[in-house]
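Counted the way my numbering counts, the sequence shown spans residues -11 to 340. Ideal Cβ positions, reconstructed from N, Cα and C, are used throughout, including at glycine. Computed from a prediction, not measured in an experiment: that's the story for all the values here.
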Amino acid sequence: MILVTGGAGFIGANFVLDWLRSCDEPVLTLDALTYAGNRENLASLKDDPRHIFVQGDICDRELIDRLLVEHPPRAIVHFAAESHVDRSIHGPGEFIRTNVNGTFTLLEAARAYWTGLSGAAREGFRFHHVSTDEVYGSLGPNDPAFTETKTYEPNSPYSASKAASDHLVRAWHHTYGLPVTTSNCSNNYGPYHFPEKLIPLIIANALAGKPLPVYGDGMQVRDWLYVTDHCSAIRAILDKGVPGEVYNVGGWNEKPNIEIVNTLCALLDELKPDPAGSYSRLITFVTDRPGHDRRYAIDARKIERELGWRPAETFETGIRKTVEWYLANQDWVANVLSGAYREWVETNYAQR
Ligand code: NAD
Ligand code: DAU
């Protein structure tokens, strides 16, 4: 079986669902169910004997040691993290605790477990660390896209905490020989994306007739990847990736934020027209994010060359599927927009 941390979050849940759609190898999901984790994302697996869910913290060494004995995995796929840049600006402490200390705890538990293995089990074991392109810093308009050898220049508490975790993973390979792989991926979008992030927030606000907040001039560039393509990249790395190697994952799809917002408005105008007029009337430019990175771009040639992976979705197909998913899953959106979510919206947007 495999152990997936953070499997009740956006990408983790997509990964677990995809995994069990494509094979029968069981999955143990470990997730603390923070505000971003949602049992409902995995509701379709409730009676599936191939899936075990454990609510728990990656900082809890005793729990992880016990799980590794009770459900010995052949691989650990590590998604669990605090993931939202704006939250890291308002409260960096939890990012250090989960992303740095949590990854350290997991690495130590994995090392003890792997050291106790022998033969093929030891040979085949993998620890895959899911990281981000944000560790590389911000690009100018004409800079080349990030390759795996780009220097680390993290600019937010979030990206600094992810950079720290990447360094720990690297060191556990070089010093102890732990068979790790790391992926640094660009912005994901798709089903189960928590509506604090740009794309689901714009959809939710538009449908509620609320302002669509665009930070600064809206010309910051991100490289968008449909979430199931990220999942297939991780599967390819688990299958064929070389221990100690880093793989950049991206969609070859750079777009300024304002274009994303305009595209979402146009799709909503088509799929759920508002009698009051185009959703674009709600676009509101607000105060920029402090330290806002201007541009990210991923050079994904290594994973294509070495592992044969390429994204299957184009932005046009992926964004349409995403809007359709949100329109068909308004109950899911309503459930996650809890009291805690409303407090966050007040904290982040009231001053802008
Ligand atoms: P998310 O915030 O939606 O989900 C994170 C999950 O981790 C949640 O289910 C949460 O409950 C769980 N979690 C948080 N702290 C925990 C702890 N201490 N112990 C156990 N579980 C805990 O995040 P996401 O967007 O799905 O991102 C998943 C991973 O992918 C993260 O490591 C993130 O850095 C990375 N990543 C995200 C993107 C993106 O665009 N969202 C892109 C590249 C990389
Ligand atoms: O690049 C990968 C990263 O992508 C991941 O590591 C992070 O976990 C993930 O959250 C994401 O980070 P971003 O900061 O790029 O994503 P977010 O959706 O928060 O913002 C996307 C862009 O949109 C960014 O330039 C900020 C802008 N934005 C965001 C929000 C929430 C707005 O203009 N208005 C908003 O209200």
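Review point. How many Å lie between Pro299 and Val15 at the Cα?
Key: Here residue 299 refers to the residue found at position 311 of the sequence shown. Here residue 15 refers to the residue found at position 27 of the sequence shown. Rounded to whole angstroms, Pro299 to Val15 spans 24 Å at the Cα level.
Practice item. At 3 residues or longer, and completely inside the region 252 to 318: list those beta strand (DSSP E) runs for me, N to C. Key: 271 to 274
Exercise for review: Identify whether Leu95 lies in helix, strand or coil by the three-state DSSP scheme.
Suggested key: As a working note, residue 95 is residue 107 in the sequence shown. Note: Leu95 maps to helix in three-state DSSP.
Point to revise | DSSP three-state assignment for Tyr101, whether helix, strand or coil | key: The residue labelled residue 101 in the question sits at position 113 within the sequence shown. Helix at Tyr101.
Review point. Exposed or buried, Ser32, counting other C-beta atoms within 10 Å across all chains shown (16 or more means buried)?
Key: As a working note, residue 32 is residue 44 in the sequence shown. Looking at its Cβ environment, which holds fewer than 16 other Cβ atoms inside 10 Å, Ser32 is exposed.
Practice item. Entirely within the region 131 to 193 and at least 4 residues each: give me those alpha helix (DSSP H) ranges in chain order. Key: 145 to 164
Review point. Relative to the ligand DAU, is the shortest distance from any of its heavy atoms to the C-beta of Lys34 smaller than 6 Å?
Key: For the purposes of this step, residue 34 is taken as residue 46 along the sequence shown, with counting starting at 1. No, Cβ of Lys34 sits at least 6 Å from all heavy atoms of the ligand DAU.
Practice item. Report the three-state DSSP secondary structure of Ser220 (helix, strand or coil). Key: By 1-based counting over the sequence shown, the position of residue 220 is 232. Note: Ser220 maps to helix in three-state DSSP.
Exercise for review: Kindly indicate the opening and closing residues of the beta strand (DSSP E) around Thr120.
Suggested key: Indexing the sequence shown from 1 puts residue 120 at position 132. Where Thr120 is concerned, the enclosing beta strand (DSSP E) stretches over 114 to 120.
**Study point:** Closest Cα partner of Pro37 within the set Asn323, Met(-11), Asn26
**Key:** Sequence index remark: in the sequence shown, residue 37 carries index 49 (1-based). Measuring from the Cα of Pro37, the nearest candidate turns out to be Met(-11).
Practice item. Go ahead and pull the three-state DSSP assignment for Leu127. Key: Numbered from 1 along the sequence shown, position 139 holds the residue referred to as residue 127. Leu127 falls in the coil class under three-state DSSP.
**Study point:** Three-state secondary structure (DSSP) of Asp211
**Key:** Here residue 211 corresponds to residue number 223 of the sequence shown, with the count starting at 1. It is a strand residue.
Review point. Which value, in whole angstroms, describes the spacing of the CA atoms of Asn323 and Arg330?
Key: As a working note, residue 323 is residue 335 in the sequence shown. As a working note, residue 330 is residue 342 in the sequence shown. Rounded to whole angstroms, Asn323 to Arg330 spans 12 Å at the Cα level.
Review point. Hey, how far is the Cα of Leu186 from the Cα of Leu105?
Key: Along the sequence shown, one-based indexing puts residue 186 at 198. Along the sequence shown, one-based indexing puts residue 105 at 117. When rounded, the distance between both Cα atoms is 43 Å.
Exercise for review: Would you list the residues sitting across from Ile(-10) in a DSSP beta bridge?
Suggested key: The sequence position of residue -10 within the sequence shown is 2, counting from 1. Per DSSP, Val15, Ala63.
Practice item. Identify every residue that forms a DSSP beta bridge with Leu200. Key: Here the question's residue 200 lines up with position 212 in the sequence shown. DSSP, once it has assigned bridges, lists Ile271 as partnering Leu200.
Check your understanding: Hey, Ala196 and Pro183 are a contact pair by Cβ (cut 8 Å); roughly how many whole angstroms apart?
Key -> Counted from its first residue, the sequence shown places residue 196 at position 208. Counted from its first residue, the sequence shown places residue 183 at position 195. In fact, because the Cβ distance is near 10 Å, the residues do not count as touching under 8 Å.
Review point. With respect to 6 Å, is the separation between the Cβ of Val118 and the closest non-hydrogen atom of the ligand FAD below this value?
Key: As far as ligands go, the structure on display features the ligand NAD and the ligand DAU and does not contain the ligand FAD.
Point to revise | Contact test: Cys173 Cβ vs the ligand NAD heavy atom, cutoff 6 Å | key: Locating residue 173 in the sequence shown gives position 185, where the first residue counts as 1. Within the cutoff, so yes.
Exercise for review: Give a yes or no on whether the C-beta atoms belonging to Ala133 and Ala285 are separated by under 7 Å.
Suggested key: Within the sequence shown, the letter at position 145 stands for residue 133. Within the sequence shown, the letter at position 297 stands for residue 285. Yes, the Cβ-Cβ distance between Ala133 and Ala285 is below 7 Å.
Exercise for review: Taking only heavy atoms of the ligand DAU into account, decide whether any of them is closer than 6 Å to the Cβ of Arg210.
Suggested key: For this step, residue 210 is matched to residue 222 along the sequence shown. Yes.
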